[in-house]
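Beneath this line is the structure, given in structure tokens, with notes to follow.
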Amino acid sequence: MSKFGDWFNARFPAREMMREHLTEYYAPKNFNILYYTGSLLLLMIVLQLISGFLLMAHYVPTSQDAFNSVQGIMYDTKWGWLIRYMHVDGVSLIFALLYLHMGRGLLYGSYRSPRELLWIIGYLIYIMMMGEAFFGYVLPFGNLSYWAGQVITSIIHAIPLIGPALTTLARGGPGVGTATLERFLALHAVLWFLIIAALIALHILALHQVGSNNPDGIEIKDHKGPDGVPLDGIPFHPYYTVKDVFGVAVWLMVFAAIIFYAPTMHGVFLEKTTFFRANPMVSLPDVTPPWYLAPYYAMLRAVPNKYVGIVLMAAAIVLPFFLPWLDRCRVRSSRYRPVYRIMIIVMAVTFFTLAWVGEQPPLPKYFLIERLGAVIYIGFYVLLPIVSTFEPVRPVPERVRS
Amino acid sequence: MIRRALSKVASALVFSAALALPVHAETVRSYPFTKAAAIAGARFFADHCSACHAVSSLRYNRLAQDLGMSEAAIKQQIMLPGGANYLKGMRPAMTQGQAKKWLGMPPPNLSHLGRALGSRFLFTYLTSFYWDPERPSGWNNHVFPNVAMPDVLAPWGGVYTKDGKLLKPGSEPRRVYLQQVADVVAFLRYASDPSVFERRALGRYVIGAFLVLAILAYLLKKDYWRDIWSGSRTTDKPSVGTEGSRTGRG
């Protein structure tokens, strides 16, 4: 074995990579429960690839047959329901994990120097995921798919000058139909997925260049032992691999419970209107996005003017890119920044309130909540540079607390 | 979600109180969703609903497999004489053309309706018909105004006027009748989600298997991490290319 290993490693840097990324990648020893999210996201994306591949083997991307082919998976294909529920529920769980993963970054200041690029690549993955989710959402061609496809592609229409032409290009024609399904399938299964996979690789490489942050937000590389190894660092393998296996097992229990007992999550993970065939003649009373995109939809709706609404929504999506430079505090973690911690809690509550209100029908009684939510969301980014300059900080320990 | 549900319940209560309808006193929640209910519902459906409604996505052989019925039982009790194929989807007795001629519009295919509309709605809908001489069929519905479907269940449940007065009593006691409606709704729910019984039977084993894995992984993790907690292993570098000091451990 070792002889073959030597032969192999002379030609491919397997051992070197193993050392660099696993056995001699030193991660802080004080990771908490939020640090399971990274490995779980990787797992879920691989599961999406597998279930997506199997679904695609049965899917027909035409306006005539798409709905039936998906129902064929549910009714006539052996284990088809398992594969489809894995794929459908997987999306909602990925977004839940993404929000926890990003929330962790906010809580512990993981976006701060020197991890700006890590944050930006990660946030790009999130934005690409939104597109990936949208394309996938249209494919089963239920009535919700059809109208969601119409509404979202019509957002492009608002772009000055080239808007109408771009909308036609996105749909492959004047309306959502076979051409739309064909190109959305190609985008969903090939281009977008490849970009996401590449970005994930870049995200991990960037992480291993700068090293993981930790709940205390202090740099473990500042205190190294005589052998050059951070005193508070432990090798990722075996310590965190064995820990992540435990996390994966617990997570799969949750995933299985959802798939087997509540696959539609009462219409939240798989909406009731997706069980009607796409019908251009029957418009839905209200086209609401899935819960994970609803905050942005709520902000879009908060403004009565379409163009201003789209600008607000775009701003809401783009602003987090600038976080590393908007935060000016010398301390990273919210553990030692009481004011910043309150801001993050308010922001999280606002975000999920917007998600809830975005799912509601567009009634005047919700307008105040939508507008207040939009103001708080944007206000967070406006206030952060000012607050972080003056905010009080608690003393930060020299070494991580375990 | 909660608020929406609460407001729905509240409006349903107000609605039923205003109309003083006895039919709203019960909801489908009082009837458990079981395989037995789905089988009873399938039998009733075949006798009284299949004349007009197709369940085209659900094949008879799938029905047999999911509900644990024999091919002979399906052929005898569920499949309509003439035209129905054991390997194909559930089809109605009347053709689309006949349906259009007789009823004005073809009755909907009920494959996905159980999920699209939900059991609660279907149960309330089926028990909310009233006699309305102004409609061509003579029937109207509180939750689906001017619906084309007549009250097929009237012989069992009785005929009511719009304000809830009993015109003609049904042949069955109310409790038996409502159970029957709940069975049909259970069948429609199963038909729109045919993996439901298979899933529910399997789920506990899958979760159990992951639980065993989680326990084993936790014990392994605890063993590995013991010296991190004791603080003894923070700086020693694992030797390169050979087996680490940890791996030899039993």
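These protein sequence lines are chains A and B, in that order. This note's numbering applies: residue 119 is where the first sequence begins, and numbers increase by one. This note's numbering applies: residue 885 is where the second sequence begins, and numbers increase by one. C-beta atoms are modelled at their ideal positions from N, C-alpha and C, and glycine is treated no differently.
Once you ignore the five residues that flank Arg455 (chain A) on each side, which residues in its own chain have a CB closer than 7 Å to its CB?
Counted from its first residue, the first sequence places residue 455 (chain A) at position 337. Cβ within range, chain order: Cys447, Val449, Glu509 and Val511.
If we define contact as Cβ-Cβ less than 8 Å, is Val907 (chain B) a contact residue for chain A?
Here residue 907 (chain B) refers to the residue found at position 23 of the second sequence. Residue placement at Val907 (chain B) cannot be trusted, given a pLDDT of 45 that sits under 50; what the coordinates show is reported in the next sentence. So no, Val907 (chain B) is outside the interface.
Starting from Arg1073 (chain B) and walking both ways along the alpha helix (DSSP H), at which residues does that stretch end?
Counting from one through the second sequence, the residue named residue 1073 (chain B) turns up at place 189. Segment Arg1058 to Ser1076, the alpha helix (DSSP H) holding Arg1073 (chain B).
Pick out whichever of A:Lys342, A:Val206 and A:Leu225 has its Cα sitting closest to the Cα of Ser169 (chain A).
By 1-based counting over the first sequence, the position of residue 169 (chain A) is 51. That would be A:Val206, whose Cα lies nearest to the Cα of Ser169 (chain A).
Express the C-alpha separation of Phe171 (chain A) and Ile277 (chain A) in angstroms, rounding to a whole number.
Translated into positions along the first sequence, residue 277 (chain A) becomes position 159. Translated into positions along the first sequence, residue 171 (chain A) becomes position 53. Between Ile277 (chain A) and Phe171 (chain A), the C-alpha separation is close to 34 Å.
Is the distance from the Cβ of Phe354 (chain A) to the Cβ of Leu140 (chain A) below 8 Å?
The residue you call residue 354 (chain A) lines up with position 236 of the first sequence. The residue you call residue 140 (chain A) lines up with position 22 of the first sequence. Their beta carbons are under 8 Å apart, which means Phe354 (chain A) touches Leu140 (chain A) by this criterion.
Would you say Gln189 (chain A) faces chain B, with C-beta separation under 8 Å as the test?
Taking the first sequence and counting its residues from 1, one reaches residue 189 (chain A) at position 71. Cβ-Cβ to chain B under 8 Å: yes for Gln189 (chain A).
In chain order, what residues of the same chain have a beta carbon less than 8 Å from the beta carbon of Met978 (chain B), not counting five sequence neighbours either side?
Taking the second sequence and counting its residues from 1, the one referred to as residue 978 (chain B) is at position 94. Hits under 8 Å: Ala935, Cys936 and Trp986.
Let's test the definition: count the other Cβ atoms within 10 Å of the Cβ of Ile280 (chain A) and tell me whether it reaches 16, buried, or not, exposed.
The residue labelled residue 280 (chain A) in the question sits at position 162 within the first sequence. With fewer than 16 Cβ atoms within 10 Å of its Cβ, Ile280 (chain A) is classed as exposed.
Hey, how far is the Cα of Ile1112 (chain B) from the Cα of Gly365 (chain A)?
For the purposes of this step, residue 1112 (chain B) is identified with residue 228 of the second sequence, where counting begins at 1. For the purposes of this step, residue 365 (chain A) is identified with residue 247 of the first sequence, where counting begins at 1. Answer to the nearest angstrom: the Cα atoms are 18 Å apart.
Give the secondary structure of Ser1021 (chain B) by DSSP, where H, G and I count as helix, E and B as strand, and everything else as coil.
On the second sequence, residue 1021 (chain B) is found 137 positions in, with the first residue counted as 1. Coil, per DSSP.
At a CB-CB cut-off below 9 Å, which residues of chain A make contact with Arg1083 (chain B)?
The sequence position of residue 1083 (chain B) within the second sequence is 199, counting from 1. What Arg1083 (chain B) touches in chain A: Trp199, Leu200, Tyr203, Ile377, Phe378, Tyr379 and Pro381.
Run through the segment 286 to 373 of chain A for me and flag every whole alpha helix (DSSP H) of 4 or more residues, listed as ranges in chain order.
Listed in chain order, they are 296 to 304 and 310 to 328.
Since Phe393 (chain A) and Arg999 (chain B) are thought to touch, with beta carbons under 8 Å apart, how far apart are those beta carbons, to the nearest angstrom?
Stepping through the first sequence from its first residue, residue 393 (chain A) is reached at position 275. Stepping through the second sequence from its first residue, residue 999 (chain B) is reached at position 115. Contact flag correct, Cβ pair sits at about 5 Å.
What does the Cβ neighbour count give for Ala266 (chain A), buried or exposed, with the cut at 16 atoms within 10 Å?
In the first sequence, the residue the question calls residue 266 (chain A) occupies position 148. Classification of Ala266 (chain A): buried, given that the 10 Å Cβ count is 16 or more.
At the 8 Å Cβ level, is Ala367 (chain A) part of the contact set with chain B, yes or no?
What you label residue 367 (chain A) is simply residue 249 of the first sequence in a count that begins at 1. Yes, because at least one Cβ of chain B sits closer than 8 Å to the Cβ of Ala367 (chain A).
Would you verify that the beta carbon of Ser1003 (chain B) is, or is not, closer than 8 Å to some beta carbon of chain A?
Reading the second sequence from its first residue, position 119 is the one you call residue 1003 (chain B). Not one chain A Cβ lies under 8 Å of Ser1003 (chain B).
In whole angstroms, what is the alpha-carbon distance linking Val1068 (chain B) and Tyr1074 (chain B)?
Taking the first residue of the second sequence as position 1, residue 1068 (chain B) is located at position 184. Taking the first residue of the second sequence as position 1, residue 1074 (chain B) is located at position 190. Each residue's Cα considered, the two are about 10 Å apart.
Along the chain, where does the beta strand (DSSP E) that runs through Pro146 (chain A) open and close?
Residue mapping note: residue 146 (chain A) aligns to position 28 of the first sequence, counting from 1. Looking at the DSSP string, the run of the beta strand (DSSP E) that includes Pro146 (chain A) is Tyr144 to Pro146.
Can you tell me which residues form a DSSP beta bridge with Arg943 (chain B)?
For the purposes of this step, residue 943 (chain B) is taken as residue 59 along the second sequence, with counting starting at 1. B:Gly973, per the DSSP bridge assignment.
Hey, quick one: how far does the beta strand (DSSP E) through Lys1136 (chain B) stretch, first residue to last?
Beyond the ends of chain B as shown, which are 885 and 1134, falls residue 1136 (chain B); an answer cannot be given.
Counting only the same chain and skipping the five closest in sequence on each side, list residues whose C-beta sits under 8 Å from that of His326 (chain A).
Within the first sequence, the letter at position 208 stands for residue 326 (chain A). Closer than 8 Å at Cβ, skipping near neighbours: Glu138, His139 and Tyr143.
Mind checking if Tyr143 (chain A) is an interface residue toward chain B, Cβ cutoff 8 Å exclusive?
Locating residue 143 (chain A) in the first sequence gives position 25, where the first residue counts as 1. So no, Tyr143 (chain A) is outside the interface.
Can you pull the DSSP bridge partners for Tyr1014 (chain B)?
Position 130 of the second sequence holds residue 1014 (chain B). DSSP lists B:Asn1024 as partners of Tyr1014 (chain B).
List, in order along the chain, the chain A residues whose C-beta lies closer than 7 Å to that of Val1090 (chain B)?
Here the question's residue 1090 (chain B) lines up with position 206 in the second sequence. Within chain A, the residues near Val1090 (chain B) are Ala374 and Phe378.
Along the alpha helix (DSSP H) that carries Tyr495 (chain A), what are the first and last residues, could you check?
Taking the first sequence and counting its residues from 1, one reaches residue 495 (chain A) at position 377. Unbroken alpha helix (DSSP H) run through Tyr495 (chain A): Pro482 to Phe508.
The alpha helix (DSSP H) with Met220 (chain A) in it runs from where to where?
Position 102 of the first sequence, counted from the first residue, corresponds to residue 220 (chain A). Residues Gly198 to Leu225.
Does the distance from the CB of Ala1093 (chain B) to the CB of Gly925 (chain B) come in under 8 Å?
Taking the first residue of the second sequence as position 1, residue 1093 (chain B) is located at position 209. Taking the first residue of the second sequence as position 1, residue 925 (chain B) is located at position 41. No; because the gap between Cβ atoms is not below 8 Å, this pair is not in contact.
Would you call Val308 (chain A) buried or exposed, if buried means 16 or more other Cβ atoms sit within 10 Å of its Cβ?
For this step, residue 308 (chain A) is matched to residue 190 along the first sequence. Exposed: under 16 other Cβ atoms inside 10 Å.
Our contact map puts Leu1062 (chain B) next to Thr1011 (chain B) with C-beta atoms below 8 Å; I'd like the distance itself, whole angstroms only.
Here the question's residue 1062 (chain B) lines up with position 178 in the second sequence. Here the question's residue 1011 (chain B) lines up with position 127 in the second sequence. Correct: roughly 7 Å between the Cβ atoms.
Keeping to the same chain, check which residues put their C-beta closer than 6 Å to that of Ser1021 (chain B); ignore five residues upstream and five downstream.
Looking up residue 1021 (chain B) in the second sequence gives position 137. Once the five neighbours on either side are set aside, the close Cβ partners of Ser1021 (chain B) are Pro1034.
Please confirm whether Ile352 (chain A) has its beta-carbon closer than 8 Å to some beta-carbon of chain B.
Numbered from its first residue, the first sequence carries residue 352 (chain A) at position 234. At least one chain B Cβ lies under 8 Å of Ile352 (chain A).
Is Ser941 (chain B) close to chain A? Criterion is C-beta to C-beta, closer than 8 Å.
Against the second sequence, residue 941 (chain B) aligns to sequence position 57. At least one chain A Cβ lies under 8 Å of Ser941 (chain B).
Find the nearest neighbour of Val1036 (chain B) within the set B:Met974, B:Gly952 and B:Asn1024, judged by alpha-carbon distance.
Translated into the one-based positions of the second sequence, residue 1036 (chain B) becomes position 152. For the residues B:Met974, B:Gly952 and B:Asn1024, the minimum Cα distance to Val1036 (chain B) belongs to B:Asn1024.
Counting only beta-carbon atoms, is Lys1105 (chain B) nearer than 8 Å to chain A?
Within the second sequence, residue 1105 (chain B) is the residue found at index 221, counting from 1. Taking Cβ atoms only, chain A reaches closer than 8 Å to Lys1105 (chain B), which makes this a yes.
Could you pull the DSSP bridge partners for Val1043 (chain B) from this structure?
As a first step, residue 1043 (chain B) is located in the second sequence; it is residue number 159 there, counting from the start. In the DSSP output, where bridge partners are listed per residue, Val1043 (chain B) has B:Lys1052.
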